[in-house]
Structure formats: C-alpha cells, structure tokens
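Quick note on numbering: the sequence shown equals residues 918 to 1047 in the working numbering. Think of the CB as a built atom: it goes at the ideal place given N, C-alpha and C, for glycine as much as any other residue. A short worksheet on the structure shown next.
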Amino acid sequence: MVRIRLRRMGSKKQAQYRIVVTDREAPRDGAFIETIGLYNPRTEPSTIQVQEDRALYWMKVGAQPSDSAAQLLKKLGTLDRFARLMKGEAPETLLAEAAANLAPVPNQKTRIGRTAAPKAKKAEAAPAGE
C-alpha cells in the first residue's frame, strides 16, 4: 500500500518535513517514490507547500495519507478538493482554485523569526554620518 506521509529533515531540534509518497513498509526517513511538498512548523505561521496536482493524482490511484499528512492536507483544502474530484468535478477547476488559494511565502529571514529592522537602522545611520 502506498502512503502520503512526512519525512523528517533538518538537524537535531530543527525539524522540517517533506511530504512524500512512499510504500507503507518503508522506514520514516527511508526510500520514497516522490516528494510532493514540504512542511516547516518552526516558522510563524507554519509553512506548508504541496503540489496539489500530484497529491490529487496519488490519492486518486489509492495512496492513503497518514494522520499527520491528512491534517496538513485538510488545512490546505486538498482533502475537500479530492472529495469533489471523486464526485466528478473537473480537475482543472480544482487546480485553478488551489492556485488561487496559495498564500505568498515570506522571505527566509522573516520565516525564521528574525526581522530586517536592525539592518535598516544600520543603513539609516550610515548616510546620516556622512
């Protein structure tokens, strides 16, 4: 059986996850079939990115999301769109809706929690001193 689940990445106490399609028997960080997204719980708000078309494809051919992956897919609305796909709605309509709902990803410094304010203060101080 094929599962959609999380694969842990990152160093110790700095967890990030990839959302992967893998065989049910494979180890958590072992071999996988395809990477379909990523999840970073350490950002504020948490970063979740999923290739909607691939997620819908794999669920359509029988892949079952794990509990944690299902929560993430539900939060993005992917599970609701999958249910509508199974009822006969056009996939193009669903993918267009998913693309419209994508939130912009903030730059790396704000995602980690640092602010750009200290650099801005230094930049303002330099021209004033000249």
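- With contacts defined by Cβ atoms closer than 8 Å, ARG998 and LEU973 form a contacting pair.
- As for any alpha helix (DSSP H) of minimum length 4 sitting wholly inside the segment 986-1023, the runs are 995-1003, 1008-1017, ordered along the chain.
- In the structure shown, ARG945 adopts coil according to DSSP, grouped into three states.
- About 19 Å separates the beta carbon of ARG959 from that of ARG945, a gap too long to meet the 8 Å contact definition.
- When DSSP states are grouped into helix, strand and coil, GLU951 belongs to the strand group.
- Here DSSP, grouped into helix, strand and coil, assigns MET976 to helix.
- In this structure, the straight-line span from the alpha carbon of VAL919 to that of ALA943 is close to 10 Å.
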